[in-house]
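Numbering (this note's numbering), first residue to last: 260 to 410.
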């Protein structure tokens, strides 16, 4: 068998192996995508169910002549809106703890008594509120990163 024919057979075999490897990789990716889709579908169903429950409870309370008081939000979004000129050390430390090191940076904060007191200290330098699910998703997908176990 001539040398060129051997080389041609070898390259074809190499291409075949690469295509097979690529096809297996795509199958794994498709399986992962399907799993991600199923998880998202489950979460969507859960959130829709929670929303419908809130509406149902409000209607039942209204029908009975009472008021429905929704649960306190568990998450707050804080944005720093002022710079560092003439800021006390206590306020600077709280801004550091909230990861608000520069102007117009934002962070999601769990709503607890301690965090609420910290927000009260830095109130003149920040703006904060309770985000809905859509805005949290948009923030995380567009600009977000997460620290897990301080990594």
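Positions of the beta carbon are idealized from the N, C-alpha and C atoms, including for glycine.
- Of the candidates 352, 366, 303, 366 places its Cα closest to the Cα of residue 334.
- Only residues of its own chain outside the window of five on either side were considered, and among them 364, 366 have a CB closer than 8 Å to the CB of residue 358, listed in chain order.
- Listed as beta-bridge partners of residue 368 by DSSP are 335.
- Taking a C-beta distance under 7 Å as the contact criterion, residue 368 and residue 337 qualify as a contact pair.
- Taken atom to atom, the span from the alpha-carbon of residue 330 to that of residue 409 is near 30 Å.
- In the DSSP assignment, residue 386 falls within the unbroken beta strand (DSSP E) covering 385 to 388.
- Going by C-alpha positions, residue 264 is about 49 Å away from residue 297.
- Taking all protein chains in view, the Cβ of residue 312 is surrounded by fewer than 16 other Cβ atoms within 10 Å, so the residue is classified as exposed.
- With respect to the 7 Å criterion, residue 342 and residue 362 are classified as neighbours on the basis of their beta carbons.
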